[in-house]
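Q:
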Amino acid sequence: MKKVVKDADEAISDIQSGSTLMLGGFGLCGIPENCIDALIKKGVNELTCISNNAGVDDFGIGLMLKTRQVKKMISSYVGENAEFERQLLSGELEVDLIPQGTLATRIAMRGMGIPAFFTPAGYGTEIAEGKEIKEFDGKMHLMEMALQADFAIVKAWKGDTLGNLVFRKTTRNFSVPMAKAGDITIAEVEELVQPGALDPDEIHVPGIYIHRIFQGEGYEKRIERKTVSLPK
Amino acid sequence: MKKVVKDADEAISDIQSGSTLMLGGFGLCGIPENCIDALIKKGVNELTCISNNAGVDDFGIGLMLKTRQVKKMISSYVGENAEFERQLLSGELEVDLIPQGTLATRIAMRGMGIPAFFTPAGYGTEIAEGKEIKEFDGKMHLMEMALQADFAIVKAWKGDTLGNLVFRKTTRNFSVPMAKAGDITIAEVEELVQPGALDPDEIHVPGIYIHRIFQGEGYEKRIERKTVSLPK
Amino acid sequence: MALDKYGIAKRIAKELKDGYYVNLGIGIPTLVANYIPEEIEVIFQSENGMLGMGPYPTENEMDADLINAGKETVTVLPGGVFFDSAESFGMIRAGKVDLTILGAMEVAENGDIANWKIPGKMVKGMGGAMDLVASAKNIIVAMQHTNPKGESKLLPACTLPLTGVGCVKKVVSDLGVFDIKDGAFVLLERAPGVSVEEIIAKTAGKLIINGEIPEMEA
Amino acid sequence: MALDKYGIAKRIAKELKDGYYVNLGIGIPTLVANYIPEEIEVIFQSENGMLGMGPYPTENEMDADLINAGKETVTVLPGGVFFDSAESFGMIRAGKVDLTILGAMEVAENGDIANWKIPGKMVKGMGGAMDLVASAKNIIVAMQHTNPKGESKLLPACTLPLTGVGCVKKVVSDLGVFDIKDGAFVLLERAPGVSVEEIIAKTAGKLIINGEIPEMEA
Numbered sequence: 702m703k704k705v706v707k708d709a710d711e712a713i714s715d716i717q718s719g720s721t722l723m724l725g726g727f728g729l730c731g732i733p734e735n736c737i738d739a740l741i742k743k744g745v746n747e748l749t750c751i752s753n754n755a756g757v758d759d760f761g762i763g764l765m766l767k768t769r770q771v772k773k774m775i776s777s778y779v780g781e782n783a784e785f786e787r788q789l790l791s792g793e794l795e796v797d798l799i800p801q802g803t804l805a806t807r808i809a810m811r812g813m814g815i816p817a818f819f820t821p822a823g824y825g826t827e828i829a830e831g832k833e834i835k836e837f838d839g840k841m842h843l844m845e846m847a848l849q850a851d852f853a854i855v856k857a858w859k860g861d862t863l864g865n866l867v868f869r870k871t872t873r874n875f876s877v878p879m880a881k882a883g884d885i886t887i888a889e890v891e892e893l894v895q896p897g898a899l900d901p902d903e904i905h906v907p908g909i910y911i912h913r914i915f916q917g918e919g920y921e922k923r924i925e926r927k928t929v930s931l932p933k
Numbered sequence: 702m703k704k705v706v707k708d709a710d711e712a713i714s715d716i717q718s719g720s721t722l723m724l725g726g727f728g729l730c731g732i733p734e735n736c737i738d739a740l741i742k743k744g745v746n747e748l749t750c751i752s753n754n755a756g757v758d759d760f761g762i763g764l765m766l767k768t769r770q771v772k773k774m775i776s777s778y779v780g781e782n783a784e785f786e787r788q789l790l791s792g793e794l795e796v797d798l799i800p801q802g803t804l805a806t807r808i809a810m811r812g813m814g815i816p817a818f819f820t821p822a823g824y825g826t827e828i829a830e831g832k833e834i835k836e837f838d839g840k841m842h843l844m845e846m847a848l849q850a851d852f853a854i855v856k857a858w859k860g861d862t863l864g865n866l867v868f869r870k871t872t873r874n875f876s877v878p879m880a881k882a883g884d885i886t887i888a889e890v891e892e893l894v895q896p897g898a899l900d901p902d903e904i905h906v907p908g909i910y911i912h913r914i915f916q917g918e919g920y921e922k923r924i925e926r927k928t929v930s931l932p933k
Numbered sequence: 017m018a019l020d021k022y023g024i025a026k027r028i029a030k031e032l033k034d035g036y037y038v039n040l041g042i043g044i045p046t047l048v049a050n051y052i053p054e055e056i057e058v059i060f061q062s063e064n065g066m067l068g069m070g071p072y073p074t075e076n077e078m079d080a081d082l083i084n085a086g087k088e089t090v091t092v093l094p095g096g097v098f099f100d101s102a103e104s105f106g107m108i109r110a111g112k113v114d115l116t117i118l119g120a121m122e123v124a125e126n127g128d129i130a131n132w133k134i135p136g137k138m139v140k141g142m143g144g145a146m147d148l149v150a151s152a153k154n155i156i157v158a159m160q161h162t163n164p165k166g167e168s169k170l171l172p173a174c175t176l177p178l179t180g181v182g183c184v185k186k187v188v189s190d191l192g193v194f195d196i197k198d199g200a201f202v203l204l205e206r207a208p209g210v211s212v213e214e215i216i217a218k219t220a221g222k223l224i225i226n227g228e229i230p231e232m233e234a
Numbered sequence: 017m018a019l020d021k022y023g024i025a026k027r028i029a030k031e032l033k034d035g036y037y038v039n040l041g042i043g044i045p046t047l048v049a050n051y052i053p054e055e056i057e058v059i060f061q062s063e064n065g066m067l068g069m070g071p072y073p074t075e076n077e078m079d080a081d082l083i084n085a086g087k088e089t090v091t092v093l094p095g096g097v098f099f100d101s102a103e104s105f106g107m108i109r110a111g112k113v114d115l116t117i118l119g120a121m122e123v124a125e126n127g128d129i130a131n132w133k134i135p136g137k138m139v140k141g142m143g144g145a146m147d148l149v150a151s152a153k154n155i156i157v158a159m160q161h162t163n164p165k166g167e168s169k170l171l172p173a174c175t176l177p178l179t180g181v182g183c184v185k186k187v188v189s190d191l192g193v194f195d196i197k198d199g200a201f202v203l204l205e206r207a208p209g210v211s212v213e214e215i216i217a218k219t220a221g222k223l224i225i226n227g228e229i230p231e232m233e234a
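Protein chains in written order, with the working numbering: chain A, 702 to 933; chain B, 702 to 933; chain C, 17 to 234; chain D, 17 to 234.
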């Protein structure tokens with residue numbers, strides 16, 4: 702069982718232009734920094750990126766926008782990025798906006814092998830246009846489809862060589878459902894450990910979902926909005 | 702925030718005859734022993750019990766069958782119980798058999814607020830009769846509905862006074878999705894601790910799903926099939 | 017005198033009950049956390065994936081791995097829990113969150129809400145708003161009664177693209193507190209010093225005024 | 017000589033590849049775990065909620081909280097994981113399990129399988145079988161070629177209520193190894209000493225025999 706790769710370059714070596722990628726993280730929290738750098742270095746383009754947000758101008762997916770590698774974003778909120786806005790308004794970039802819970806759940810359903818499900822989110826809004834509508838328990842619901850991706854790329858705190866992943870605090874966000882959803886899932890971790898080092902009761906993503914794993918380096922973990930209280 | 706109750710009797714005090722209950726556990730592994738005893742003592746009957754299995758003759762749900770408290774079982778496999786078979790054949794007991802994955806998922810979907818979803822399990826079999834069928838990606842799927850229950854009753858290893866739960870090994874089974882699905886969820890735990898004693902990264906069921914919690918006592922934890930290897 | 021944003025937050029805090037799980041939107045709703053009555057315990061949910069959200073950290077406590085749905089650094093209280101965003105919206109959709117407080121651009125007399133998109137302007141996205149309004153058991157909107165042009169935001173029907181339909185139960189504006197019931201705004205309380213006449217003048221949607229309307233308590 | 021159940025398990029073990037995640041049904045399939053080739057690593061999934069299932073425990077290691085889908089006490093290997101049953105069937109449904117090995121009462125030449133119900137007999141339930149056969153990428157059936165009455169279990173069409181349709185890819189019986197392809201059983205190997213004639217005589221479904229059929233290696 703060989704899941705461990707040397708680094709991000711090896712992990713993403715077969716990602717081609719035109720691929721659909723899921724990229725884990727929420728805002729800049731828990732994003733796969735090493736793989737984003739490697740994708741920029743490799744220079745693949747025409748990518749469809751499924752990610753809740755689109756980074757900021759000089760970090761995260763924002764870096765891939767700058768290099769014009771992204772054809773389409775599938776996101777719920779994309780506000781923090783001037784280059785994004787420019788490309789969108791000029792028609793260089795397509796954006797598919799999806800309610801955040803529907804987005805998270807469409808990803809999670811892919812990892813559960815459920816091709817379609819019903820949610821009330823967006824009923825009566827423009828999101829419902831063209832979708833099948835059904836009433837359950839007196840409430841209207843939209844049928845939503847699971848989201849497919851050629852590759853899911855996530856960053857975890859710790860992982861073992863079998864691909865079992867553990868996350869810290871709010872970094873689980875979209876990364877956990879994406880890790881389970883990718884046709885191929887690549888995980889970068891802050892610390893790669895041997896099988897048995899992680900408590901089997903405390904693993905957030907079982908290794909069966911993970912195809913490649915490596916220990917990343919040089920994590921910046923940039924904070925998007927530093928908000929502090931004064932010490933008491 | 703008052704979720705802690707004294708014991709099983711208090712926890713189940715408002716369960717009425719005719720209620721629908723989800724009962725956690727797989728076989729005899731991780732069943733809510735204290736609450737089952739209390740339900741027998743209380744003597745409510747005409748119950749619909751959603752549980753993967755029906756216990757054995759003298760333990761678990763089998764005890765409630767003996768006292769004729771169960772009107773209907775919704776399960777995937779019910780083989781280990783002579784009294785069960787007698788009641789079923791005599792028409793005293795109804796049984797609704799559901800594929801195990803569909804059962805687990807119908808429960809999980811209730812806890813996710815998803816009223817219906819599609820699964821390929823059972824397509825082309827008698828399970829599909831009367832169900833809506835849809836093709837996705839060239840494969841036929843059945844529409845299955847989320848399962849509702851007035852009460853879900855589960856047993857966890859540890860829990861805190863806010864209802865956060867942690868499970869041991871394979872006891873998570875049906876108990877985790879049921880804990881999230883109950884209209885009212887009751888949790889009995891081997892050890893009740895204060896908020897902050899459980900690591901927020903290692904909680905299996907967030908307390909928001911739990912309405913009542915107590916520390917149980919006298920757990921027998923019977924093993925259904927002792928299978929051993931010789932020491933090496 | 018109309019309420020300022022702190023006043024609106026303070027008034028909304030009175031709607032909280034012991035044991036409530038509450039989701040606070042960005043803006044005025046976030047301020048509600050500062051006015052929780054001493055005698056009750058409420059737990060804040062952040063839809064990116066946590067329960068038990070605490071106050072902002074000190075400079076030393078700040079952790080890039082711990083943010084809220086507004087991407088701000090926060091802390092976690094004892095008994096808090098982390099989970100992923102699919103689970104988070106699962107609990108929202110299943111109605112486990114007792115109260116959602118959020119801002120709005122427009123609210124209609126039938127409970128419709130618009131708060132995500134202005135045609136012709138750059139659209140940033142709906143984030144979790146559509147999921148929250150479609151699933152919350154109880155939704156309170158915190159907002160200014162009129163827009164910067166002085167036009168009412170409490171309308172017969174929303175003019176902007178909708179976020180959700182028939183979902184808002186209560187509005188707390190700078191001028192008063194309103195139930196939304198049977199296709200109308202029912203005035204419950206006036207802000208201190210605000211007259212019923214002013215509220216009538218600034219409310220475009222159907223307004224119901226039953227008897228003497230009390231001034232809200234400080 | 018026809019294979020015994022250990023022989024069937026041993027032959028099936030040759031189908032395993034390094035890195036496979038495998039779900040073993042009750043009965044003969046369980047025995048497959050004893051014959052994994054030294055040079056490969058496979059991980060066993062148990063559908064109640066674990067990956068990395070190990071051998072039965074010693075009397076001292078036995079733990080009521082650690083059982084497999086057959087309700088037997090088991091152990092967990094280093095790198096194993098526990099999860100709940102909804103997650104477990106999620107990974108099965110999503111096709112993450114590479115190979116499922118299970119028993120059957122009947123298999124049809126189009127890949128249909130029946131293994132859960134005999135009309136008129138007490139029905140214990142399908143357990144996870146319907147989910148497994150509907151979703152597994154690769155299903156191998158391990159079974160006796162004929163029933164106790166000597167009737168073929170490899171049929172033109174199943175006579176018992178179905179568990180799944182068109183899903184079985186391969187059958188290993190006591191008499192031989194068969195691919196199911198284009199609506200027929202394709203004979204690949206004979207059990208040691210079993211003649212093609214015997215297999216023809218005992219197979220009711222359409223059987224394809226291409227050229228010389230090798231005897232399986234020991």
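For every residue, glycine included, the Cβ atom is placed at its ideal position computed from N, Cα and C.
1. Output, in sequence order along the chain, the residues in the segment 849-873 of chain B whose CB is closer than 7 Å to any CB in chain C.
2. Please list, in chain order, all residues of the same chain as D:A49 whose beta carbon is under 7 Å from its beta carbon, the five residues on each side excluded.
3. Could you pull out every residue in the same chain whose Cβ sits closer than 8 Å to the Cβ of D:P73, ignoring the five residues on either side in sequence?
4. Are any of the Cβ atoms in chain B nearer than 8 Å to that of A:P816?
5. Along the alpha helix (DSSP H) that carries B:D738, what are the first and last residues, could you check?
6. What residue ranges within the segment 124-176 of chain C form continuous alpha helix (DSSP H) runs of no fewer than 4 residues, ordered along the chain?
7. Got a sec: is the Cβ-Cβ distance from B:D902 to anything in chain A below 8 Å?
8. When you compare the CB of D:F201 with every CB in chain A, is at least one pair closer than 8 Å?
9. Identify every residue that forms a DSSP beta bridge with B:K698.
10. If you count every other CB in all the chains shown that lies within 10 Å of the CB of C:E125, and 16 or more means buried, which is it?
11. Helix, strand or coil for D:I56, going by three-state DSSP, please let me know.
12. Assuming the contact rule is C-beta atoms closer than 8 Å, B:P998 and C:L67 should be a hit. Round their C-beta distance to whole Å, please.
13. The segment 103-125 of chain C: which residues have C-beta closer than 7 Å to a C-beta of chain A, in chain order?
14. Just tell me which of C:S211, C:A207, C:E213, C:L203 has its CA closest to the CA of C:N226.
15. Since I believe B:I808 is in contact with A:F818 (beta carbons under 8 Å), could you give me their beta-carbon distance rounded to a whole number of angstroms?
16. Could you check the C-alpha separation between B:E827 and C:V187 for me, to the nearest Å?
17. Do you know offhand how far A:L943's Cα is from C:F105's?
18. Shorter than 8 Å from the beta carbon of A:I909 to some beta carbon of chain D?
19. At 7 Å on the CB atoms, spell out the chain A contacts of C:T179, in chain order.
20. For A:I788, go through chain C and note every residue whose CB falls closer than 7 Å to its CB, in chain order.
21. According to DSSP, is B:V757 part of a helix, a strand, or is it coil?
22. Kindly indicate if chain C contains any beta-carbon less than 8 Å away from that of A:A783.
23. Can you find the residues in the same chain that come closer than 7 Å, C-beta to C-beta, to A:C730, ignoring five residues on each side of it along the sequence?
24. Using 8 Å as the Cβ pair cut-off and three pairs as the minimum, do the segment 758-768 of chain B and the segment 104-123 of chain D touch?
25. Measuring straight from C-alpha to C-alpha, what distance separates D:E54 and D:K30?
26. Using three-state DSSP, classify B:Q770 as helix, strand or coil.
27. Given this structure, state the Cα-to-Cα distance separating B:A847 from B:M810, to the nearest angstrom.
28. Express the C-alpha separation of B:C750 and B:E833 in angstroms, rounding to a whole number.
29. Within the 8 Å Cβ cut-off, does B:F819 reach chain A?
30. From the beta carbon of C:N226, is the nearest beta carbon of chain A less than 8 Å away?
31. Indicate whether at least one CB of chain A lies closer than 8 Å to the CB of C:T219.
32. Mapping the DSSP letters down to three states, classify C:M121 as helix, strand or coil.
33. Considering C:A200, what are the terminal residues of the beta strand (DSSP E) in which it resides?
34. Figure out for me which residue from D:V123, D:G119, D:L178, D:G143 has the closest Cα to the Cα of B:I825.
35. With a Cβ-Cβ cutoff of 8 Å, do B:F727 and B:N753 count as a contact?
A: The short version:
1. D861, L863, N865
2. For this step, residue 49 of chain D is matched to residue 33 along the fourth sequence. So the qualifying residues of the chain are L40, F60.
3. Within the fourth sequence, residue 73 of chain D is the residue found at index 57, counting from 1. Excluding residues within five positions, the ones whose Cβ falls inside 8 Å are D79, L82, T89, V90, T91.
4. Looking up residue 816 of chain A in the first sequence gives position 115. Taking Cβ atoms only, chain B reaches closer than 8 Å to A:P816, which makes this a yes.
5. As a working mapping, residue 738 of chain B is identified with position 37 in the second sequence. Element bounds for B:D738: 734-743.
6. 145-151
7. Working through the second sequence from its first residue, we reach residue 902 of chain B at position 201. With 8 Å as the cut-off, B:D902 counts as an interface residue toward chain A.
8. Numbered from 1 along the fourth sequence, position 185 holds the residue referred to as residue 201 of chain D. Not closer than 8 Å to any Cβ of chain A, the Cβ of D:F201 fails to qualify, so no.
9. Since the displayed chain B opens at 702 and closes at 933, residue 698 of chain B lies outside it and no answer follows.
10. Your numbering for residue 125 of chain C matches position 109 in the third sequence. C:E125 should be labelled buried.
11. Here residue 56 of chain D refers to the residue found at position 40 of the fourth sequence. Residue state, collapsed to three classes: coil.
12. Chain B is shown only over 702 to 933; residue 998 of chain B falls outside these bounds and no answer can be derived.
13. F105, I108, R109
14. Numbered from 1 along the third sequence, position 210 holds the residue referred to as residue 226 of chain C. Here the closest residue by C-alpha is C:L203.
15. Here residue 818 of chain A refers to the residue found at position 117 of the first sequence. Here residue 808 of chain B refers to the residue found at position 107 of the second sequence. Actually they are not in contact, since the Cβ atoms of A:F818 and B:I808 sit about 15 Å apart, beyond 8 Å.
16. What you label residue 827 of chain B is simply residue 126 of the second sequence in a count that begins at 1. What you label residue 187 of chain C is simply residue 171 of the third sequence in a count that begins at 1. In a straight line, the C-alpha of B:E827 is about 51 Å away from that of C:V187.
17. Residue 943 of chain A is absent from the model: chain A starts at 702 and stops at 933.
18. One-based indexing of the first sequence puts residue 909 of chain A at position 208. Yes, contact with chain D.
19. In the third sequence, the residue the question calls residue 179 of chain C occupies position 163. The contacting residues are T826.
20. Locating residue 788 of chain A in the first sequence gives position 87, where the first residue counts as 1. The sequence given here places Gln at residue 788 of chain A; Ile does not occur at that position. Chain C residues near A:Q788: none, gap ~12 Å exceeds 7 Å.
21. Counted from its first residue, the second sequence places residue 757 of chain B at position 56. Correct three-state label for B:V757: strand.
22. Start at 1 with the first residue of the first sequence, and residue 783 of chain A comes out as number 82. Chain C, which has no Cβ nearer than 8 Å to the Cβ of A:A783, makes this no.
23. The sequence position of residue 730 of chain A within the first sequence is 29, counting from 1. Excluding sequence neighbours, A:C730 sits near T871, T872, N874.
24. no
25. Walking along the fourth sequence from the start, residue 54 of chain D turns up at place 38. Walking along the fourth sequence from the start, residue 30 of chain D turns up at place 14. Cα-Cα distance, rounded: 11 Å.
26. For the purposes of this step, residue 770 of chain B is taken as the residue at position 69 of the second sequence. B:Q770: coil per DSSP, three-state reduction.
27. On the second sequence, residue 847 of chain B is found 146 positions in, with the first residue counted as 1. On the second sequence, residue 810 of chain B is found 109 positions in, with the first residue counted as 1. Rounded to whole angstroms, B:A847 to B:M810 spans 5 Å at the Cα level.
28. Here residue 833 of chain B corresponds to residue number 132 of the second sequence, with the count starting at 1. Here residue 750 of chain B corresponds to residue number 49 of the second sequence, with the count starting at 1. Near 25 Å, if we compare the C-alpha coordinates of B:C750 and B:E833.
29. Within the second sequence, the letter at position 118 stands for residue 819 of chain B. Yes, B:F819 lies at the interface with chain A (some Cβ there is under 8 Å from its Cβ).
30. As a first step, residue 226 of chain C must be located in the third sequence, where it is residue number 210. So no, C:N226 is outside the interface.
31. Indexing the third sequence from 1 puts residue 219 of chain C at position 203. Judged by the 8 Å Cβ criterion, C:T219 is not in contact with chain A.
32. Taking the first residue of the third sequence as position 1, residue 121 of chain C is located at position 105. Reduced to three states, the DSSP call for C:M121 is coil.
33. The residue labelled residue 200 of chain C in the question sits at position 184 within the third sequence. First-last of the beta strand (DSSP E) with C:A200: 200-206.
34. Taking the second sequence and counting its residues from 1, the one referred to as residue 825 of chain B is at position 124. Note on residue identity: the sequence assigns Gly, not Ile, to residue 825 of chain B. Ranking D:V123, D:G119, D:L178, D:G143 by Cα distance to B:G825 puts D:L178 first.
35. Counted from its first residue, the second sequence places residue 727 of chain B at position 26. Counted from its first residue, the second sequence places residue 753 of chain B at position 52. Going by C-beta atoms, B:F727 is nearer than 8 Å to B:N753.
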